[in-house]
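Remarks on the structure that follows.
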Amino acid sequence: MEPYKELENLLEEIQRCCEKGDRKTLPGILRELMHHRQQYYQDSILRGQQDCFSEALFKILLLELDEEENDSIETAELAYAGLSSVMNNPDSVTPEHYKRRLLLLHYFSDYFTDAVIEIFLKKYREDNLLEARNMALECIEKMQLADMLLLEEQYPDFINGDEQLADACNALTLSPDVSETERAEADLLHKVLHAYLKAKYKN
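Those letters in the sequence shown? Residues 1114 to 1316, per the working numbering, in order.
In structure tokens:
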């Protein structure tokens, strides 16, 4: 197996590039992380680095460094799995975590449709793949809506102070007038997707 750098060292290099605004060096470092993402995912769990690791994978997606769609799907799923693990600890969660999760699902919703279909919509996939895909996208939008509503309630000025996040929230087509039951269902979607991806990438 090709040797690779320690996760902590790589994450520190990424942080330094971001702080310096070094856009020339950053893609190469992120590609190194990307090429060994499954090994680094396991390392991030062992070393308590899932937050920084997930954020780095999100940067890879934003910069479109993956060349194959299957690689992009795996990168997105690992980013979600790592972030969701962090968010399972209420003491560690900040509005930035909800923002990242919402944007991850907003910008890269297509990368999560296969997983959602596999978990919830197998019978639809067998008869009508297009219908299954559309239903999966609706599930993913419900998850975004739940995060948006939580941000509005707990951090009322956060969305309006972030243009990128505000644009993503304004793009949601579902009505924000949802019941507590519907919000609980959206929260369950997050939990089940996280559990599925944790099992999928278990070492």
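A virtual CB, placed ideally from N, CA and C, is assigned to each residue, including glycine.
Between Ala1192 and Leu1174, how many whole angstroms is the CB-CB distance? I'm expecting something under 8 Å. Confirmed, about 7 Å.
Rounded to whole angstroms, how far is the Cβ of Lys1311 from the Cβ of Ala1194, which I believe are closer than 8 Å? 6 Å between Cβ atoms; contact.
On a CA-only basis, which of Leu1262, Glu1180, Ser1205, Glu1119 is nearest Asp1290? Give me that one, please. For Asp1290, the closest alpha carbon among the candidates Leu1262, Glu1180, Ser1205, Glu1119 is that of Leu1262.
Determine, using beta carbons only, whether Tyr1153 and Leu1120 come nearer to each other than 8 Å. In this structure, Leu1120 lies closer than 8 Å to Tyr1153 by Cβ.
Do the CB positions of Cys1092 and Leu1215 come within less than 8 Å of each other? No answer is possible for residue 1092: the residues shown for the chain start at 1114 and end at 1316.
For the alpha helix (DSSP H) that Gln1176 lies in, which residues bound it at each end? Just to set this straight, residue 1176 is Leu in the shown sequence, not Gln. From DSSP, Leu1176 is part of no alpha helix (DSSP H); its letter is neither H nor E.
Quick check: is any heavy atom of the ligand ZN less than 7 Å from the C-beta of Leu1242? The model depicted lacks the ligand ZN and carries no ligand whatsoever.
Just verifying my parser: in three-state terms, what is the DSSP assignment at Gly1134? Coil.
Let me know the alpha helix (DSSP H) ranges lying completely inside the region 1138–1223, each 4 residues or longer, listed in chain order. Entirely contained in the region 1138–1223, the alpha helix (DSSP H) runs reaching 4 residues are, in chain order, 1139–1148, 1150–1159, 1163–1175, 1182–1200, 1208–1220.
Terminal residues of the alpha helix (DSSP H) in which Tyr1309 lies: Per DSSP, Tyr1309 belongs to the alpha helix (DSSP H) from 1293–1313.
From Phe1233, Ala1308, Val1206, Asn1241, residue whose alpha carbon lies closest to that of Asp1260: Of the candidates Phe1233, Ala1308, Val1206, Asn1241, Val1206 places its Cα closest to the Cα of Asp1260.
Burial state of Thr1286, where buried means 16 or more other Cβ atoms lie within 10 Å: Counting other Cβ atoms within 10 Å of its Cβ, Thr1286 stays below 16 and is therefore classed as exposed.
DSSP state of Thr1226, grouped into three classes? DSSP places Thr1226 in helix when its eight states are reduced to three.
Asp1270, DSSP secondary structure in three states: Coil.
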